[in-house]
Amino acid sequence: MTDMFTRVLMMVLALCASSASAQTFVKAQGEDPTRKLMSADEAKAWQAVGRVNLPNDGFCTGALIAPNLVLTAAHCVFDPNNEERLDPSDVSFAAGWRQGRASAHRKARRIVVHGGYVHNGTAEFENVGNDIALVELDHSIRNAAVAPFGRSARPVIGAQVQVVSYAQDRSEMPSIEEPCEILGKSMAVFVLSCSASFGASGAPIFVIENGEPKIASVISAKATWKDRDVALGTSLGSPLEELMNQLQRDKGVFKGKRVSDKSLSEQLGRTQNSFFVKN
Numbered sequence: 115m116t117d118m119f120t121r122v123l124m125m126v127l128a129l130c131a132s133s134a135s136a137q138t139f140v141k142a143q144g145e146d147p148t149r150k151l152m153s154a155d156e157a158k159a160w161q162a163v164g165r166v167n168l169p170n171d172g173f174c175t176g177a178l179i180a181p182n183l184v185l186t187a188a189h190c191v192f193d194p195n196n197e198e199r200l201d202p203s204d205v206s207f208a209a210g211w212r213q214g215r216a217s218a219h220r221k222a223r224r225i226v227v228h229g230g231y232v233h234n235g236t237a238e239f240e241n242v243g244n245d246i247a248l249v250e251l252d253h254s255i256r257n258a259a260v261a262p263f264g265r266s267a268r269p270v271i272g273a274q275v276q277v278v279s280y281a282q283d284r285s286e287m288p289s290i291e292e293p294c295e296i297l298g299k300s301m302a303v304f305v306l307s308c309s310a311s312f313g314a315s316g317a318p319i320f321v322i323e324n325g326e327p328k329i330a331s332v333i334s335a336k337a338t339w340k341d342r343d344v345a346l347g348t349s350l351g352s353p354l355e356e357l358m359n360q361l362q363r364d365k366g367v368f369k370g371k372r373v374s375d376k377s378l379s380e381q382l383g384r385t386q387n388s389f390f391v392k393n
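Position 59 of the sequence shown, counting from 1, maps to 173 under the numbering used here, and the rest follow consecutively.
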């Protein structure tokens, strides 16, 4: 790990919102940089972002990457009371959730957590790079207005990004933060100038490519670095490819349907590119 990242101090806070969460994280200047997407027209482009609803009124944020697959943070799918993985029957996805209504609502059928993720109830920098999970829905979302997002092949250090999320103080409609910046990267972890609030775990971090939003990262945790508040995100290169391969190997996930031999990149029609480390 580079010296840049040895100076990252993890704040030991999971960002799932729950009835036990007592406060919201904002940037050092004391102002929440997020903006609520107040109108249906504003929220139109982000319908495939939604709330991952959890037991006891908890939630995280997630986004569709395929009609039946929601990408979110791995730590979201563990019970904070006993640190055990949640039963899929206790998880659901509300796409485009806004003021009590969803563009589509589905229950979870299966949850697949990255094999390298170790859940121990604390936030550790080494764990962030694997802090992703896929929630397989019981029925695909076949709605032209809720189109799954593609992903950015190679977001660069210094790139301007956008985050769309739900959080404890804005749980009934999505909010957007724009712009924030990719400050650095080590292995599969991005350090970003974005804010992070309870509920924002799993929120997609978008790069706009040719006018189209593509997911570059997923919010995992918040931290301090060089005396500033930052967010940490999991990149979607090898970790997501590995996660999809885990899902494919589990024949039970598709209940007897033929599992594709194609890679995630091939299935999504995109080319896998290597990532790099910024010192």
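Here a beta-carbon is modelled for each residue, glycine too, at the ideal position from N, C-alpha and C.
Quick caveat: nothing in here was measured; it's all calculated off a predicted structure.
Under a 10 Å Cβ-count criterion, Arg165 is classified as buried, with 16 or more other Cβ atoms of the shown protein chains found around its own Cβ. Between Phe192 and Leu251, the C-beta gap is not smaller than 8 Å, which leaves the two residues out of contact. DSSP, reduced to helix, strand and coil, places Arg256 outside both helices and strands of the structure shown, so it counts as coil.
Bounds of the alpha helix (DSSP H) holding Met358 are Ser352 to Arg363. Counting only the Cα atoms, Gly298 lies some 31 Å from Ala209. Secondary structure remark: continuous alpha helix (DSSP H) runs of at least 4 residues inside the stretch 230-289, in chain order: 239-242. Between Ile246 and Ala187, the C-beta spacing is below 8 Å. DSSP, reduced to helix, strand and coil, places Lys158 within a helical segment of the structure shown. Per DSSP, the continuous beta strand (DSSP E) segment holding Lys328 begins and ends at Glu326 to Trp339.
Ranking Pro318, Lys158 and Leu178 by CA distance to the CA of Val277 puts Pro318 first. Pro169 sits in a helix when the DSSP states are folded into three classes.
DSSP places Ser206 in the strand class (E or B) of the three-state scheme. Beyond the five residues adjoining it in sequence on each side, Ala345 comes within less than 7 Å, by CB distance, of Leu306, Cys308, Ser309, Ala310, Ile333 and Lys336 in the same chain, given in chain order. Listed in chain order, the non-local C-beta contacts of Pro327 below 6 Å within the same chain comprise Phe320, local neighbours out to five positions each way being set aside.
Look at Cys308 here: in three-state DSSP terms it is coil, with no helix or strand label. Nearest in C-alpha terms to Leu178, of all of Glu356, Phe304 and Ala259, is Ala259.
Look at Ala302 here: in three-state DSSP terms it is coil, with no helix or strand label. For Glu295, the closest of Ser315, Ser285 and Ala273 by C-alpha to C-alpha distance is Ala273. In this structure Pro353 is buried. Its beta-carbon is surrounded by 16 or more other beta-carbon atoms within 10 angstroms. With a cutoff of 8 Å on beta-carbon distance, Ala222 and Val242 are scored as not near each other. For Glu198, the closest C-alpha among the options Pro169, Pro181 and Arg265 is that of Pro169. In the structure shown, His219 falls within a strand segment according to DSSP collapsed to helix, strand and coil. CA-to-CA, the gap between Arg220 and Val184 works out to about 10 Å. In this structure, the CA atom of Met301 is about 26 Å from the CA atom of Val163.
Non-local C-beta neighbours of Tyr231 in its own chain, meaning closer than 7 Å and more than five positions away in sequence, comprise Ala188, Asn241, Asn244 and Asp245, ordered along the chain. Assigned with DSSP and collapsed to three states, Ala345 falls in strand.
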